[in-house]
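*Asks:* My structure is below; once you've seen it, I'll send some questions.
There are 2 protein chains.
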Amino acid sequence: MLNEYPLDRVFTLIEPGPTLLVTTAEGRKKNIMTITWSFAMSFSPTFGIVTGPWNHSFAAMMETRECVVAIPGVDLIDRVIGIGTCSGTDTDKFKKFSLTAKKAREVGSPLVAECLFDMECKVADHIEDRGIVIRECVRAWQNPDRAERRTFHAVGDGTFIADGERFDLRREMASKLPIL
Amino acid sequence: MLNEYPLDRVFTLIEPGPTLLVTTAEGRKKNIMTITWSFAMSFSPTFGIVTGPWNHSFAAMMETRECVVAIPGVDLIDRVIGIGTCSGTDTDKFKKFSLTAKKAREVGSPLVAECLFDMECKVADHIEDRGIVIRECVRAWQNPDRAERRTFHAVGDGTFIADGERFDLRREMASKLPIL
Chain A
1 MLNEYPLDRV FTLIEPGPTL LVTTAEGRKK NIMTITWSFA MSFSPTFGIV TGPWNHSFAA
61 MMETRECVVA IPGVDLIDRV IGIGTCSGTD TDKFKKFSLT AKKAREVGSP LVAECLFDME
121 CKVADHIEDR GIVIRECVRA WQNPDRAERR TFHAVGDGTF IADGERFDLR REMASKLPIL
Chain B
181 MLNEYPLDRV FTLIEPGPTL LVTTAEGRKK NIMTITWSFA MSFSPTFGIV TGPWNHSFAA
241 MMETRECVVA IPGVDLIDRV IGIGTCSGTD TDKFKKFSLT AKKAREVGSP LVAECLFDME
301 CKVADHIEDR GIVIRECVRA WQNPDRAERR TFHAVGDGTF IADGERFDLR REMASKLPIL
């Protein structure tokens, strides 16, 4: 069961830099890819990822102008790496990695039911010479049923770091934050 | 004592999404700011941060086309938050937060001796309407003497997450990685 997640908190899902899954759909053909280069850029539900034609999903994403960005917990790390090291050209990755594609509300791309969060996104801009795609999240979902809540960060050399100790500096930062 | 850090590994410092410090110098006036919106974008030592005229350091950075990007350990978290919640217009932040400005090799902006890593950068591009500044790192340094090696990730709501458990999937990812 997925609960709706407030759009004004979406940037807090991207800002820490977790490894992401991105789904697309082209007609009935759905695909999923792993993305580790992403960034928050404001307090609005607008954020960037770096991708390009070297990813099979890129063409579908740019043609439909839609995608779902999902955040996996660290219990899914082996599947996320598997997704990132094979290609949708010859593989049904949802099937191969036993992931559940769930119908989204605003876009044709599927939600990934096993993830902690799913963000339904429209492509807002494409800075082609830098490979930057700006997304606007139009609806977001939280999965409260996953026991493993830690996300994980790609280092880029084949190692990954899961979330560790949390620090609460809300009082010290009050002057710089929107109301949250 | 700082050791030189290989440029072809610089993207692995940015990709996990740590909270950053960015220093600038304008003549003899140096400044330092906290940046949490950043991203890796290739296997080269080129990466992006999101900033703009709302940051006091921005003018100096764009005028000199230089800065140093430093990665603090979580032992510096209170100082990093303090730096992010006051302004260089009326504060000598190096003095206020007891940080040591060390001379860089290639740029006029100072290194932060207490950080884990320091990257001397040139401004390579400015995507003004999105507030994205692309940097090219021209020399990087590692500080092996800090006992606390965990970096920390900003959530954006005043809470922060330190690095936790590490996972080694280098074998599984071998096909997708440059030689590291």
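Chains as they are written, first to last, in the numbering used here: chain A, 1 to 180; chain B, 181 to 360.
Quick reminder that beta carbons are idealized off the backbone N, C-alpha and C, glycines included.
(1) Hey, Ile32/A and Thr23/A: beta-carbon distance below 8 Å or not?
(2) Please list the partners that Lys30/A has in chain B, where partner means a Cβ-to-Cβ separation under 8 Å.
(3) To the nearest whole angstrom, what separates the beta carbons of Ala281/B and Pro290/B, a pair I think is in contact under 8 Å?
(4) Tell me whether Ala327/B is buried or exposed, calling it buried when 16 or more other Cβ atoms sit within 10 Å of its Cβ.
(5) Using a Cβ-Cβ distance under 8 Å, would Lys176/A count as near chain B?
(6) Do Gly336/B and His153/A have their C-beta atoms within less than 8 Å of each other?
(7) Identify whether Val335/B lies in helix, strand or coil by the three-state DSSP scheme.
(8) How close, in whole Å, do the beta carbons of Val112/A and Ala70/A come, if the pair is a contact with beta carbons under 8 Å?
(9) In chain order, what residues of the same chain have a beta carbon less than 6 Å from the beta carbon of Asn55/A, not counting five sequence neighbours either side?
(10) Between Val10/A and Cys137/A, how many whole angstroms is the CB-CB distance? I'm expecting something under 8 Å.
(11) Please confirm whether Thr244/B and Ala205/B have their CB atoms less than 8 Å apart.
(12) Report yes or no: is there a C-beta of chain A within less than 8 Å of the C-beta of Thr269/B?
(13) What are the residues that DSSP puts in a beta bridge with Asp125/A?
(14) If you measure beta-carbon to beta-carbon, which residues of the region 33-45 of chain A are closer than 7 Å to chain B?
(15) Just reading off the beta strand (DSSP E) that Thr214/B is part of, what are its end residues?
(16) So, helix, strand or coil for Ala239/B, using DSSP?
(17) Anything in chain B within Cβ reach of Val50/A, meaning under 9 Å, just list it in chain order.
(18) Near Ile263/B, what residues of its chain come up, given a Cβ to Cβ distance below 8 Å and the 5 sequence neighbours on each side ignored?
(19) In the region 230-301 of chain B, which residue ranges form an unbroken beta strand (DSSP E) of at least 3 residues, counting only runs that do not cross its ends?
(20) Under the three-state reduction of DSSP, which class applies to Ala327/B: helix, strand or coil?
(21) Between Pro6/A, Lys176/A and His126/A, which lies nearest to Ala211/A when the distance is taken from Cα to Cα?
(22) Under 8 Å between the Cβ atoms of Cys121/A and Asn143/A?
(23) Would you say His333/B reaches chain A, if we count a Cβ-Cβ gap shorter than 8 Å as a contact?
(24) Excluding sequence positions up to five away, which residues of its chain have a Cβ less than 7 Å from the Cβ of Ser57/A?
(25) Using only alpha-carbon positions, find the residue among Phe297/B, Asp255/B, Asp309/B and Arg285/B that is nearest to Arg166/A.
(26) I need the straight-line Cα distance from Lys29/A to Thr265/B, nearest angstrom please.
(27) If I measure Cβ to Cβ from Arg150/A and keep anything under 7 Å in the same chain, skipping five residues before and after, which residues do I get?
*Replies:* In this structure, then:
(1) yes
(2) Correct list: empty, because the minimum Cβ distance to chain B is about 22 Å.
(3) 4 Å
(4) exposed
(5) yes
(6) no
(7) coil
(8) 4 Å
(9) Met33
(10) 5 Å
(11) yes
(12) no
(13) Ile134/A
(14) Thr36, Trp37, Ser38, Phe39, Ala40 and Met41
(15) Lys209 to Ile215
(16) helix
(17) Phe219, Ala220, Met221, Ser222 and Gly228
(18) Leu201, Ile212, Met213, Thr214, Lys273 and Phe277
(19) 246-251
(20) coil
(21) As shown, chain A starts at 1 and ends at 180. That puts residue 211/A outside it, with no answer to give.
(22) no
(23) yes
(24) Val22, Thr24, Asn31, Met33 and Gly88
(25) Asp255/B
(26) 48 Å
(27) Gly73, Val74, Ala162 and Asp163
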